[in-house]
Every structure is written in structure tokens, then in C-alpha cells.
Amino acid sequence: MLKVFSTRAASRLERSRQWLAFTGADRVEIDDDREASLRGSDFGSVRLCQASLGRHRIAQAPRLDREAEEAALKFFFQEEGITRLRQHGREIEIRPGQWCALRKDIAYEFDAPGHSRQLTITLPCRLLPAPRPGFNWWGRPRSYLSGAVQVLHAGASAAVMTGATLSQPERELIGGHMIQLLELALRAGDSGSLPDMRERRRAAVLEFIERNLADPALGVTMIAQALGCSSRTLHKLFEGEANTLARIIWNRRLDRCRSELTDPAFAARSITDIAHFWGFSDSQHFSRAFKARFGRTPRECRALAVLH
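Take the sequence shown: its letters are residues 4 to 311, numbered as in my numbering.
Pasting the structure below:
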């Protein structure tokens, strides 16, 4: 079932009340005037959700309408901004391009000092085969910009935007694939081996791209200067891959545009404004590139999100 929520209430207090009523959180404090929105859907036993809001603090406790809350994991993928999550006295700070997880059946809270957007995946612990990594593993921020977890994030992001167009059997099948990808990601991260120097450098490049996507100057030259290496070195880091560094930047910008086009919080912004913000100066060129990547024009993508 698709759930879409956004609030444009005149006061911060009223926006906080509306968000609290919709989500069932214990405490919500929205501290700026930015519109807040949430979009989510169930895919079998897996719940996918994308939330976008300004400076805020949220506290969540286990539900009390059951005798025993089922042990569950909530995976956080930080797409924009910074969020600090706390549980059992431990604080985790996640930045764009990073992910971690918390136990949903144990009280936790999080806050963001500015605008942030997150994708979350929630599922019962029993669906992940034992032995599972403990809190010391999944309670640390890790990059989701490569490997199986990159595929997981991309698939979950696409699914939460188009889930309303799918049948129940299709959503359940996709949920099953999400679980398999999570298993792959957890196994890959639990190998105990440290990434080699090349992989660490690649991760640094991808994280820099994620933090600076809106900068029109972002490109190989800018990245090389910021990371203290040559353009040749950067190209060699991604040699033999399907996408060049320039194509990675291009695709990530298109991903951000699609996210904002389907986000109710950006409904008042024109397609042109969104495209320009993420570095596309030619509207027609942007529209063609968007359709080539996603199979729909920006206008069709926005209309579909509004319809559902």
C-alpha cells in the first residue's frame, strides 16, 4: 500500500503535529520552514520509505499495541544532508552516500542540523539468515556507493517511486529481491578483509561526488584538485568499468532530479529549476537524457507521482 504525505502548514508546531500524527513517532520537532514529505510502500514484508524534511528531531519507541514487538532492522541510506542517530547511548553520524542500521523494536532517536533526505528499508530480523552481523558492524556508517549495496539502494529508490503501479505479487517479488541484496551486502561487509588502496580511493572519489553534485564546476579537474591527484589517476581508478567518471556524475544528477520530481516537497519547483539546480543548463537535452535513463520524460515522471 502506497503512503504519501506532505505538510505545508503555516507554523512549525503544526507541521510537527501533522508529521507525528502520520508517522506515529513519539516526538517530532521540525525546526525550520521547509516543507516536509514522506513516500513509502510495503513490498511483502519489506517496507521502503523516502523522507525529505528540514532541520528536525524525531524520537521513536517500539509500538505498544502488541504484546511483543517483533525484532526488526531499519536500514538508513543518507541521500542528502547529515543525520545523527542514537540508540543505547551510541551516536552514529551518517552523511550523503553512507548507510547504517538500527533495531526498530528498540527506542531510538535522530536529528538533522539542516535539510536531509533518507531512504529507509525496514524488515523483520528473522528474514535475514543467521548468523547476522551485530550492532558493532551495522551500527557504523558505511558507503553504499559501490558493490551489492549500491544495487540495493538504486533498486529500493526506484521501487519506492513506482510501487503504486505494481501489483501485489510484483511488490512481494521485489521485496524478496531486496532481502537477497541485503544478504549479499551484509556478507560482503562481514568478510573481515580491509579494502585495498584502489578501493579506498574510489570510495573517496564517489563520496566527494555525492557531496558536491549541485556544484556546476564538478568534474574530473575539480575532483583531482580536491583529492590531490592527477586526472589521469582518476580515470585509471575507474578503468574497465561500464561507466566513466563523467557518466557517474551525470547519472547521479539524473537520479537526484528524479527524486525531487517525485517528492511532494518540491511540487512548487518547476522542472527547469530542478534541472538547473543539479547542473543541467539545456532543458531539452536534460529531458532527452532523463527519458533515456528512466523510460519517461520528466513531466511524465512527475505526473505519475502526483497521480499515485
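Just so you know, even glycine gets a beta-carbon here, dropped at the ideal spot from N, CA and C.
(1) Please report the distance separating the alpha-carbon of H327 from that of P172.
(2) Compare the Cα-Cα distances from R129 to each of L76, R50, Q101, G84 and report the closest residue.
(3) Can you tell me whether L169 is helix, strand or coil according to DSSP?
(4) Please check the pair F78 and I124, which I expect to be a contact at CB under 8 angstroms, by giving their CB distance rounded to whole angstroms.
(5) Return yes when the Cβ of A167 is within less than 7 angstroms of the Cβ of Q121, no when it is not.
(6) Closest by CA to L185, which one among I212, G150, M164?
(7) Cα separation between R174 and H156?
(8) Using the rule of at least 16 other Cβ atoms within 10 Å of the residue's Cβ for burial, across every protein chain shown, is P219 buried or exposed?
(9) Taking the alpha helix (DSSP H) that W22 falls in, what are its first and last residues?
(10) Compute the distance between the beta-carbons of A28 and T10, then report whether it is under 7 angstroms.
(11) Report the residue ranges of all alpha helix (DSSP H) runs contained in full by the segment 221-262; include only those spanning at least 4 residues, in chain order.
(12) Buried or exposed for H59, going by 16 or more other Cβ atoms inside 10 Å?
(13) With respect to the alpha helix (DSSP H) encompassing S290, which residues constitute its N-terminal and C-terminal limits?
(14) Does DSSP classify S194 as helix, strand or coil?
(15) Return the chain-ordered list of same chain residues with a C-beta closer than 7 angstroms to the C-beta of R291, the five sequence neighbours on each side being excluded.
(16) Which word fits M164, buried or exposed, when buried means at least 16 other C-beta atoms lie within 10 angstroms of its C-beta?
(17) Write down every uninterrupted run of the alpha helix (DSSP H) in the segment 109-182 whose length is 4 residues or greater and which is fully enclosed by it, in chain order.
(18) Name the residue from V223, F280, G84 whose alpha carbon lies nearest to the alpha carbon of L237.
(19) Please report how far the alpha carbon of E202 lies from the alpha carbon of E210, in whole angstroms.
(20) Apart from the five residues on each side of it in sequence, which residues of its chain come closer than 7 angstroms, Cβ to Cβ, to L23?
(21) Go through its chain and collect everything with a Cβ distance to I277's Cβ below 7 angstroms, but skip five positions before and after it.
(22) Helix, strand or coil, according to DSSP, for L185 in the structure here?
(23) Which residues in the same chain as F241 place their Cβ atom closer than 6 angstroms to its Cβ, once the five residues preceding and following it in sequence are excluded?
(24) Which class does I277 belong to by DSSP, given the choice of helix, strand or coil?
(25) Mapping the DSSP letters down to three states, classify E70 as helix, strand or coil.
(26) With distances taken between CB atoms, is the gap from T213 to P99 smaller than 7 angstroms?
(27) Rounded to whole angstroms, how far is the Cβ of R87 from the Cβ of D114, which I believe are closer than 8 angstroms?
(28) From H180 to H91, what does the alpha carbon distance come to, in whole angstroms?
Inspection of the coordinates gives the following:
(1) No answer is possible for residue 327: the residues shown for the chain start at 4 and end at 311.
(2) The residue labelled residue 129 in the question sits at position 126 within the sequence shown. Here the closest residue by C-alpha is L76.
(3) Here residue 169 is taken as the residue at index 166 of the sequence shown, counted from 1. Secondary structure at L169: coil, using DSSP grouped into helix, strand and coil.
(4) As a first step, residue 78 is located in the sequence shown; it is residue number 75 there, counting from the start. As a first step, residue 124 is located in the sequence shown; it is residue number 121 there, counting from the start. So it is a contact: roughly 4 angstroms between Cβ atoms.
(5) Position 118 of the sequence shown, counting from 1, holds the residue named residue 121. Position 164 of the sequence shown, counting from 1, holds the residue named residue 167. In terms of Cβ geometry, Q121 and A167 do not form a close pair [threshold 7 angstroms].
(6) Taking the first residue of the sequence shown as position 1, residue 185 is located at position 182. Comparing Cα positions, the closest option is G150.
(7) Along the sequence shown, read from residue 1 onward, the residue named residue 174 stands at position 171. Along the sequence shown, read from residue 1 onward, the residue named residue 156 stands at position 153. Distance from the CA atom of R174 to the CA atom of H156, rounded to whole angstroms, is 16 angstroms.
(8) Against the sequence shown, residue 219 aligns to sequence position 216. With fewer than 16 Cβ atoms within 10 Å of its Cβ, P219 is classed as exposed.
(9) If you number the sequence shown from 1, residue 22 lands on position 19. Its alpha helix (DSSP H) spans residues 15-26.
(10) Locating residue 28 in the sequence shown gives position 25, where the first residue counts as 1. Locating residue 10 in the sequence shown gives position 7, where the first residue counts as 1. No.
(11) 223-230, 234-240
(12) Here the question's residue 59 lines up with position 56 in the sequence shown. When all chains shown are included, H59 counts as buried.
(13) Within the sequence shown, residue 290 is the residue found at index 287, counting from 1. Looking at the DSSP string, the run of the alpha helix (DSSP H) that includes S290 is 286-297.
(14) Reading the sequence shown from its first residue, position 191 is the one you call residue 194. Caution applies to S194, whose pLDDT of 46 falls short of 50 and renders its modelled position unreliable; the model cannot decide the point.
(15) The count along the sequence shown starts at 1 and reaches residue 291 at position 288. So no residue of the chain qualifies.
(16) Taking the sequence shown and counting its residues from 1, the one referred to as residue 164 is at position 161. Burial check for M164: the Cβ neighbour count within 10 Å reaches 16 or more, so the residue is buried.
(17) 138-141, 150-165
(18) As a working note, residue 237 is residue 234 in the sequence shown. Closest by alpha carbon: V223.
(19) Indexing the sequence shown from 1 puts residue 202 at position 199. Indexing the sequence shown from 1 puts residue 210 at position 207. Approximately 12 angstroms, taken between the alpha carbons.
(20) Residue numbering aside, residue 23 sits at position 20 when the sequence shown is read from its first letter. Result list for L23: V31, in chain order.
(21) Along the sequence shown, read from residue 1 onward, the residue named residue 277 stands at position 274. Same-chain partners within the cutoff: C260, E263, L264, F269.
(22) As a working mapping, residue 185 is identified with position 182 in the sequence shown. If DSSP states are grouped into helix, strand and coil, L185 belongs with the helices.
(23) Start at 1 with the first residue of the sequence shown, and residue 241 comes out as number 238. Closer than 6 angstroms at the Cβ level, and outside the excluded window around F241, lie L248.
(24) Here residue 277 corresponds to residue number 274 of the sequence shown, with the count starting at 1. Correct three-state label for I277: helix.
(25) Here residue 70 refers to the residue found at position 67 of the sequence shown. Caution is warranted here: a pLDDT of 49 is assigned to E70, below 50, making its placement in the model unreliable, and no coordinate value can be reported.
(26) On the sequence shown, position 210 is the one that residue 213 refers to. On the sequence shown, position 96 is the one that residue 99 refers to. As written in the sequence, residue 213 is Glu, which differs from the Thr given in the question. It is a contact, given that the beta carbons lie within the stated cut-off.
(27) Mapped onto the sequence shown, residue 87 falls at position 84. Mapped onto the sequence shown, residue 114 falls at position 111. About 6 angstroms separates the beta carbon of R87 from that of D114, a gap short enough to meet the 8 angstroms contact definition.
(28) Along the sequence shown, read from residue 1 onward, the residue named residue 180 stands at position 177. Along the sequence shown, read from residue 1 onward, the residue named residue 91 stands at position 88. Answer to the nearest angstrom: the Cα atoms are 31 angstroms apart.
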